[in-house]
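Protein chains in written order, with this note's numbering: chain A, 1 to 111; chain B, 1001 to 1115.
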Amino acid sequence: SQELEQSPQSLIVQEGKNLTINCTSSKTLYGLYWYKQKYGEGLIFLMMLQKGGEEKSHEKITAKLDEKKQQSSLHITASQPSHAGIYLCVVRGTSYGKLTFGQGTILTVHP
Amino acid sequence: SQTIHQWPATLVQPVGSPLSLECTVEGTSNPNLYWYRQAAGRGLQLLFYSVGIGQISSEVPQNLSASRPQDRQFILSSKKLLLSDSGFYLCAWSVQGGMSGNTIYFGEGSWLTVV
């Protein structure tokens, strides 16, 4: 089965700093999702990457998919306290609704 | 735009009592609907999925059940809760059709504590 490993597991940054979260897969990545979860809340969809080399941006968050490295990265520019939460990389399985999750990266942004 | 809502947000129930969590989707028709459970420190476990009214597939044997009485309504139930049913439950939806490539959108979640 496919496994996803995220790094770092936790990150504390000062407001305004840039940061990167990585997600490495044990198998070839054919597509990957990034979600954000705040404690006690649902998962918020950030973006989906479907092709090797694909890069997407939304506001100050950019995600890239490196198919050859079986890796995806999430980069936040000029972090804000509102970016704090748990970031999860997720891949879909071949069955309906089956999801494989990374263990998550806890991001804390100090004002 | 599409939205998904589930309720209640938090629930404290005694062992052996019944459960009903409700989820509705707006702004789309004939979605795939899902119920997931997130145990502490773990990823989401798929409990049920539905591709249409009255069509429910179960992924994990347990004392929970799901129903889809209407196209955009998905209900998670139990006749008698167990302590192990405690957790964070998430309803989700995706566009009908292919299994991969369609984004899954999640509700706000429901915290269930069985005491």
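Glycine is no exception: its CB is placed at the ideal position from the N, C-alpha and C atoms. Only a predicted model underlies this, so the values are computations on that prediction, with no experimental measurement involved.
Chain A contact for residue i (CB, 8 Å cutoff)
{"i": "residue 1089 (chain B)", "result": "no"}
{"i": "residue 1043 (chain B)", "result": "yes"}
{"i": "residue 1113 (chain B)", "result": "no"}
{"i": "residue 1054 (chain B)", "result": "no"}
{"i": "residue 1024 (chain B)", "result": "no"}
{"i": "residue 1103 (chain B)", "result": "yes"}
{"i": "residue 1109 (chain B)", "result": "yes"}
{"i": "residue 1021 (chain B)", "result": "no"}
{"i": "residue 1064 (chain B)", "result": "no"}
{"i": "residue 1076 (chain B)", "result": "no"}
CB contact below 8 Å: residue i versus chain B
{"i": "residue 42 (chain A)", "result": "yes"}
{"i": "residue 52 (chain A)", "result": "no"}
{"i": "residue 97 (chain A)", "result": "yes"}
{"i": "residue 33 (chain A)", "result": "yes"}
Straight-line Cα distance separating residue j from residue i
{"i": "residue 1033 (chain B)", "j": "residue 1019 (chain B)", "result": "19 Å"}
{"i": "residue 1085 (chain B)", "j": "residue 1059 (chain B)", "result": "15 Å"}
{"i": "residue 1069 (chain B)", "j": "residue 1048 (chain B)", "result": "14 Å"}
{"i": "residue 1087 (chain B)", "j": "residue 1014 (chain B)", "result": "14 Å"}
{"i": "residue 1030 (chain B)", "j": "residue 108 (chain A)", "result": "39 Å"}
{"i": "residue 27 (chain A)", "j": "residue 1016 (chain B)", "result": "43 Å"}
{"i": "residue 1003 (chain B)", "j": "residue 67 (chain A)", "result": "32 Å"}
Contact list for residue i against chain A, beta-carbon separation under 7 Å
{"i": "residue 1106 (chain B)", "result": "42 and 43"}
With 16 other Cβ atoms within 10 Å as the buried cut-off, status of residue i
{"i": "residue 12 (chain A)", "result": "exposed"}
{"i": "residue 78 (chain A)", "result": "exposed"}
{"i": "residue 1079 (chain B)", "result": "exposed"}
{"i": "residue 1094 (chain B)", "result": "buried"}
{"i": "residue 14 (chain A)", "result": "exposed"}
{"i": "residue 1038 (chain B)", "result": "buried"}
Contact set between residue i and chain B, taken where Cβ atoms lie within less than 9 Å
{"i": "residue 56 (chain A)", "result": "By Cβ distance, chain B contributes nothing, its closest Cβ being about 12 Å from residue 56 (chain A), past 9 Å."}
Interface flag, residue i vs chain C, CB-CB below 8 Å
{"i": "residue 1081 (chain B)", "result": "In the displayed structure, chain C is absent; the protein chains listed are A and B."}
Length-filtered (3 minimum) beta strand (DSSP E) runs lying within the stretch 62–95 of chain A: Segments of the beta strand (DSSP E) lying fully in the stretch 62–95 of chain A: 71–76 and 85–92.
Segments assigned alpha helix (DSSP H), at least 4 residues, entirely inside the stretch 1015–1075 of chain B: Look at the stretch 1015–1075 of chain B and you find no whole run of alpha helix (DSSP H) that is 4 residues long or longer.
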